[in-house]
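Engineer: Quick note: the sequence shown, position 88, residue 92 per the working numbering, numbers continuous. Ideal Cβ placement from N, Cα and C applies to all residues, glycine included. Note that the coordinates shown come from a computational prediction; the quantities given were computed from them, not determined experimentally. Structure below; questions to follow.
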Amino acid sequence: MKDNAVRENSSTIGAIVRGLFISLLFGVVVLILFTIVLSVMGARPTDVPMTIVLLSYVTALFGSITAGRHSPNRGWLAGGLTGALFMILLLLFFAMIPESVLSWPLALLRIACAFPVGALGGMLGVNIGT
């Protein structure tokens, strides 16, 4: 019984790590495409931050779907943790940029919003199956 629980937990952790990897990979691809589109089309500087926030949630959703697909059960939890951890990693990355201004209450709100987005992705991933 205990051996089965340990195997299940390690499988869930593996699903979360896989989801984070997919989120980071998908995020890099989306960021490169977004940069190309901005350079070709041009955009107002006021539109860029909101677009980056929306793209980060979409990226967290895709990673959470992956985590849910590979989680043995409780896909909502694996997806939610994947979304929250991805947002934490993203905010830590943005905190290292010298020109960025990071508001900690806003950062906590983004992390709190990433958990339900990730949980939704995890639920979708479990229902999609492996």
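Could you check what DSSP says for Thr86 in three-state terms: helix, strand or coil?
Structural biologist: Numbered from 1 along the sequence shown, position 82 holds the residue referred to as residue 86. Helix at Thr86.
Engineer: Thinking C-beta only, is Arg22 closer than 8 Å to Ala71?
Structural biologist: Here residue 71 corresponds to residue number 67 of the sequence shown, with the count starting at 1. Here residue 22 corresponds to residue number 18 of the sequence shown, with the count starting at 1. The answer is yes: Cβ separation under 8 Å.
Engineer: Using only the alpha-carbon positions, how far apart do Pro3 and Gly87 sit?
Structural biologist: In the structure as shown, the chain begins at 5 and stops at 134. Residue 3 is therefore absent and cannot be evaluated.
Engineer: Checking 8 Å against the spacing of the C-beta atoms, do Phe90 and Leu37 come in under that value?
Structural biologist: Residue mapping note: residue 90 aligns to position 86 of the sequence shown, counting from 1. Residue mapping note: residue 37 aligns to position 33 of the sequence shown, counting from 1. The answer is no: Cβ separation not under 8 Å.
Engineer: Nearest to Gly83 by alpha carbon, out of Leu35, Ala118, Leu29 and Val34?
Structural biologist: Position 79 of the sequence shown, counted from the first residue, corresponds to residue 83. That would be Ala118, whose Cα lies nearest to the Cα of Gly83.
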